[in-house]
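See below for the structure under consideration.
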C-alpha cells in the first residue's frame with residue numbers, strides 16, 4: 095500500500111518537528127509494509143512575504159484530492175497576527191470542510207501533570223470541537239459614530255448565508271463580532287462525538303454557555319438532545335464552559351468524549367494540553383470524515399526557537415499517529431503512541447520542556463527506534 099501525503103512544514107520550528115514526524119511514520123511504515131510518498135507544499139510566512147499570496151484556489155483544489163495532510167506550524171512575527179492563521183489555516187479548514195477538530199487529552203505513563211494525585215488512569219478523554227462555525231466565521235468589524243452598513247456572506251458545503259448589518263451608533267467607535275451555528279453543523283459534529291463515545295466509554299459531555307448566549311447555544315443544546323435520543327446506550331450531560339474548566343482540573347476522570355462549539359473547544363483544549371503534560375505533548379486533527387483531513391500539533395510555530403533543534407517533537411509525532419489511524423493503519427498508529435509512551439517513561443532522551451537536554455532530532459530518532467521494538 096502506498097499513501098500520498100501532502101506536507102506543509104510551515105513556519106518557525108515547523109520544518110524541524112515535521113522532519114521528526116516523518117522519520118517516525120516512515121519507521122512504522124517499514125514495520126507494517128506500506129509506503130508514504132510525501133508531497134511538499136510551501137505555505138506560510140515565507141511564501142506570503144515572497145508572493146503576497148496566502149493559499150490559492152488551485153492549491154486548495156489540489157489538496158482536496160488527498161485523504162490526509164501533515165502540518166507543522168503556521169505563524170511568523172514578520173506578519174501581522176491573524177493574517178496567516180485566517181488566510182491559510184482557516185481557509186483550508188473551511189474549504190476542505192474539516193468540521194471536526196479532534197483533541198485526545200491523555201496523560202501518558204512517565205509524564206508529570208500539575209494535577210495533584212492524578213495519574214494516567216484519570217486523564218484519558220477526547221475533545222470534539224466543532225471547527226467551521228461559531229465566532230470563528232470571520233464576520234465582524236468596526237464602526238465609528240454615525241450610520242454605516244456592512245454585508246457578510248458565509249459559504250459552506252452545507253449552506254450559504256448572507257447578512258446585512260445597519261449600524262447607527264453615537265459611540266466614538268465600536269467593534270463587533272457575529273457568531274453563527276447551524277442545525278446541520280451542530281448535528282454532524284455532535285453525531286461524530288456520540289459515534290466516538292460508542293467505541294469508548296459511552297459518555298458524551300456537552301459544553302456551552304446557553305444560560306447567557308441563549309440563542310446561539312440554545313440551538314446547540316436542542317440539537318444535542320435530538321442526537322442523544324438516537325443513542326440510548328450513551329450517557330450524556332451538559333456543562334457550562336466556565337464550569338467544565340473547573341471540572342477538568344478537579345475531576346478529569348469524569349470525562350470520556352467532550353463535544354463543544356468552536357470557540358469554547360479552542361479554549362478548553364489548551365487546558366487539556368496542560369493537564370496532560372504541556373503543549374509539546376498535545377496532538378490535534380482537523381477532520382472531514384468524508385474528505386480531506388489535516389493533522390498537526392496544537393502548539394504554535396515558536397519562532398524564537400527556530401533552527402535550534404531543541405523543541406519537543408512529540409505532539410507532531412503523535413499527530414502523525416492520528417494521521418496513520420485515519421488512513422486505516424491502526425496498528426502502526428498504536429505502536430507510535432506506545433513508542434512515545436515508552437520514551438517518556440524511560441526518561442533518558444527528552445527535551446528541555448520535560449526536564450531533559452536532548453535535541454529534537456534525538457527524540458525523533460529514539461521514538462523511531464522504539465517503534466520497531468514495541
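Numbering (my numbering), first residue to last: 95 to 468. We treat Cβ as the ideally placed atom computed from N, Cα and C, and that holds for glycine. None of the values given here were measured: they were computed from a predicted structure.
With contacts defined as CB atoms closer than 9 Å, residue 312 and residue 272 fail to qualify as a contacting pair.
Beyond the five residues adjoining it in sequence on each side, residue 125 comes within less than 8 Å, by CB distance, of 426, 429, 465, 466 in the same chain, given in chain order. Collapsing the DSSP output to three states places residue 206 in coil. If you draw a straight line from the Cα of residue 153 to the Cα of residue 215, it comes to about 43 Å. The region 228-299 is shown to contain whole alpha helix (DSSP H) runs of 4 or more residues at 277-292, in chain order. The beta-carbon distance between residue 321 and residue 358, rounded to whole angstroms, is 18 Å. This is too long to meet the 8 Å contact definition. Bounds of any beta strand (DSSP E) do not take in residue 109; it lies within the alpha helix (DSSP H) bounded by 108-125. Using a 10 angstroms sphere on the CB of residue 116, the tally of other CB atoms reaches 16 or more, which defines it as buried. Separation of residue 301 and residue 134 (C-alpha to C-alpha, rounded to the nearest whole angstrom) is 37 Å. In the three-state reduction of the DSSP assignment, residue 349 falls in the coil class. Contact between residue 165 and residue 390 holds: their C-beta atoms lie close to 4 Å from each other, under 8 Å.
DSSP links residue 387 through a beta bridge to 162. Runs of the alpha helix (DSSP H) spanning 4 or more residues and lying entirely within the region 395-458 occur at 408-420, 424-440, in chain order.
Under DSSP, residue 381 takes part in a beta bridge, and its partners are 194.
By the criterion of a C-beta distance shorter than 6 Å, residue 244 is surrounded in its chain by 235, 259, once the five residues flanking it on both sides are discounted.
For the options 459, 461, 455, the alpha carbon positioned closest to that of residue 107 is the one of 455. Nearest Cα to residue 171 within the set 410, 395, 241: 395. Taking the Cα of residue 121 as reference, the smallest distance to any Cα among 305, 440, 411, 448 is reached at 411. A Cβ-Cβ separation of about 6 Å places residue 200 in contact with residue 370 under the 8 Å criterion. Secondary-structure assignment with DSSP links residue 100 through a beta bridge to 133. In this structure, the CA atom of residue 241 is about 14 Å from the CA atom of residue 269. Counted as a single uninterrupted DSSP element, the stretch harbouring residue 356 is not any beta strand (DSSP E) but the alpha helix (DSSP H) occupying residues 356-369. If only complete runs of 3 or more residues are kept, the region 140-184 shows the beta strand (DSSP E) at 162-167, in order along the chain.
For the pair residue 296 and residue 360, the CB atoms are not nearer than the 9 Å cut-off. In this structure, the CA atom of residue 443 is about 54 Å from the CA atom of residue 256. Under DSSP, residue 329 takes part in a beta bridge, and its partners are 297. Of the other Cβ atoms in all chains shown, 16 or more fall within 10 Å of the Cβ of residue 142; this residue is therefore buried.
Straight across, the Cα-Cα distance linking residue 331 with residue 136 is about 43 Å.
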